[in-house]
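Residue numbers (our numbering): 42 to 251.
All residues carry an ideal CB built from backbone N, CA and C; glycine is no exception.
Beneath this line is the structure, given in structure tokens, with notes to follow.
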Amino acid sequence: MSKKSIFYKYPQLYIWGLNWIHGTNFAKRYQYMTSFAKKGDLVLEPACGPAILANFLPKGFLYSGFDTNEEFLSYALERGLNVRLGNVLEPNCYYPADVVVVCDVLHHLKPDERKRFIKNCFSATKRVFVICEPGKKEETGSGLIYSLKRCLAEWSEKDGTSDFKVEYFSTRHQLLDQIECGFEVIPPSIKRETKDFGEDIITVFFKDIK
Ligand SMILES: C[S@@+](CC[C@H](N)C(=O)[O-])C[C@H]1O[C@@H](n2cnc3c(N)ncnc32)[C@H](O)[C@@H]1O
């Protein structure tokens, strides 16, 4: 197990940080992602973190999440949410859900783990699969400021699972290519739509269009 930055040790700090980074898009992203659930649906969130998404589901929806971060899980459990310990790479941590939502997870996985992750999520999806991921600006550089920014990003994104590298972020162009090819998992016949929220791209895959 590798180290965690303070944001991944203290859930409230993580939530404040996210709020500060996203500004008005903080709530808009979660509102949009939950808008695809219908009353009575089960919404599954792999790598749920402190389960912020659950706050945006009105009463009458079932929410379930899993994550490897025990501090985040304790925070969600104290709020009475249905979360548990689980690894997104293990198929047996998943179960069928009407809507599967993943938010800000892809860049926390090594590139060679991502296909397995998407396959697990899409297999568990009955109706709609929603994925939100930042598409970063193309940034090449050198010098002190560039190195400091890189160190800060690598330190703050340490979630305790593996050592994060800045290269794990996709550029906007790379992300759009991955979406177009369904992350090499989701067939082209599956209807999809994308929407921008600041630098984030949210893609919705409609597995069952009925
Ligand atoms: C940026 S946070 C996103 C959390 C949440 N989805 C949200 O919207 O706030 C990334 C999360 O991925 C989790 N994570 C990373 N690798 C994981 C893995 N292999 N299995 C389960 N969770 C993982 C981390 O513990 C962390 O909570």
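Exercise. How would you call glycine 90, buried or exposed, if buried means at least 16 neighbouring beta carbons within 10 angstroms?
Worked result: Buried, because 16 or more other Cβ atoms sit within 10 Å of the Cβ of glycine 90.
For this session: Kindly list the residues whose CB is nearer than 7 Å to the CB of phenylalanine 107, restricted to its own chain and excluding five residues on each side of it in sequence; keep chain order.
Result: Contacts found: Pro87, Cys89, Val124, Arg125, Leu126, Gly127, Cys134.
Exercise. Counting by C-beta, which residues lie closer than 7 Å to a heavy atom of ligand 1, in chain order?
Worked result: Listed by chain position, these are Tyr49, Leu59, Glu86, Pro87, Ala88, Cys89, Gly90, Pro91, Ile93, Leu94, Phe107, Asp108, Thr109, Asn110, Phe113, Gly127, Asn128, Val129, Leu130, Val143, Cys144, Asp145, Val146, His149, Leu150, Asp200, Gly201, Thr202.
For this session: Return helix, strand or coil for alanine 120, following the three-state DSSP convention.
Result: Looking at the sequence shown, residue 120 is not alanine but arginine. Of the three classes helix, strand and coil, the one that applies to arginine 120 here is coil, per DSSP.
Exercise. Taking the alpha-carbon positions, what's the lysine 167 to isoleucine 159 distance?
Worked result: Going from the Cα of lysine 167 to the Cα of isoleucine 159 covers about 14 Å.
Problem set entry | Buried versus exposed, by CB contacts within 10 Å (16 or more), isoleucine 62 | Burial check for isoleucine 62: the Cβ neighbour count within 10 Å stays below 16, so the residue is exposed.
Exercise. Serine 183 to cysteine 192, Cα distance in whole Å?
Worked result: Each residue's Cα considered, the two are about 13 Å apart.
Exercise. Hey, is the segment 52-66 in contact with the segment 206-220, meaning 3+ C-beta pairs nearer than 8 Å?
Worked result: No, they do not touch.
Problem set entry | tyrosine 104, buried or exposed, once every other Cβ within 10 Å from all chains shown has been counted against 16 | Under this definition tyrosine 104 is a buried residue.
Exercise. Exposed or buried, what is aspartate 237 when buried is set at 16 or more other beta-carbons lying within 10 Å of its beta-carbon?
Worked result: With fewer than 16 other Cβ atoms within 10 Å, it is exposed.
Problem set entry | Residue ranges of each beta strand (DSSP E) within the segment 90-178, 3 or longer | Positions of the beta strand (DSSP E) runs, each at least 3 residues long and wholly inside the segment 90-178, are given as 103-108, 124-126, 138-144, 166-177 in order along the chain.
Problem set entry | Residue range of the unbroken beta strand (DSSP E) whose run includes phenylalanine 205 | Counting along the chain, phenylalanine 205 falls outside any beta strand (DSSP E), and DSSP gives it neither H nor E.
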